[in-house]
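Remarks on the structure that follows.
In our numbering, the protein residues as written are 1201 to 1345.
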């Protein structure tokens, strides 16, 4: 699909949706002093063009009984990458996976009842993929979402 320009109105719509993706067309139109039908058409076009790919809730894991959230940076043999990613998709405690350049090729965001449970998960499940954990960081807070 051919690239297209995102103008100021599109940017303002996207900023509002990033903040709260449950806003209605009417809410957005009021906030931006725009026509509701224009807002609807813009959002539908942004979806069609693949700019907007979904909408999801931002959860407070501590209120769900999870006492630990961690970011794990690791490396894995590239030949096992697809198998590893498929495994991670099946794990409900894994909330995000990012594949990157550099020494730490994969970042996993994971939650569990306790940090010791995450450590056990690494030792019992992840190590079967012959990974090398480079960093294990506990999330203290998320001031920007």
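Yeah, the Cβ is synthetic: ideal placement off N, Cα and C, and Gly gets one too.
Which of helix, strand or coil DSSP assigns to residue i
| i | result |
| --- | --- |
| residue 1300 | coil |
| residue 1319 | helix |
| residue 1212 | helix |
| residue 1336 | strand |
Rounded Cβ spacing between residue i and residue j (contact assumed at less than 8 Å)
| i | j | result |
| --- | --- | --- |
| residue 1271 | residue 1309 | 6 Å |
| residue 1217 | residue 1252 | 7 Å |
| residue 1321 | residue 1345 | About 25 Å; that fails the 8 Å criterion. |
| residue 1210 | residue 1242 | 6 Å |
Proximity winner among the options, relative to residue i (alpha-carbon distances)
| i | options | result |
| --- | --- | --- |
| residue 1331 | 1263, 1305, 1241 | 1305 |
| residue 1343 | 1303, 1260, 1315 | 1260 |
| residue 1301 | 1273, 1235, 1311, 1320 | 1273 |
| residue 1337 | 1327, 1307, 1329, 1328 | 1307 |
| residue 1340 | 1311, 1317, 1329 | 1311 |
| residue 1232 | 1254, 1303, 1208 | 1208 |
Cutoff 8 Å; reference residue i; Cβ partners in own chain excluding five residues on either side
| i | result |
| --- | --- |
| residue 1313 | 1265, 1266, 1267, 1268 |
| residue 1256 | 1221 |
| residue 1276 | 1284, 1305, 1306, 1329, 1330, 1331, 1332 |
Any non-hydrogen atom of the ligand NAD closer than 8 Å to residue i Cβ
| i | result |
| --- | --- |
| residue 1296 | The model depicted lacks the ligand NAD and carries no ligand whatsoever. |
Proximal residues to residue i (C-beta, below 6 Å), its chain only, five neighbours per side dropped
| i | result |
| --- | --- |
| residue 1296 | 1309 |
| residue 1335 | 1273 |
Sequence-distant residues of its chain with Cβ nearer than 7 Å to residue i (five each side left out)
| i | result |
| --- | --- |
| residue 1226 | 1236 |
| residue 1228 | 1213, 1216, 1239 |
| residue 1319 | none |
Would you mind listing the beta strand (DSSP E) stretches within the region 1224 to 1307 that are 3+ residues and don't spill past its ends, in chain order?
1268 to 1275, 1294 to 1299
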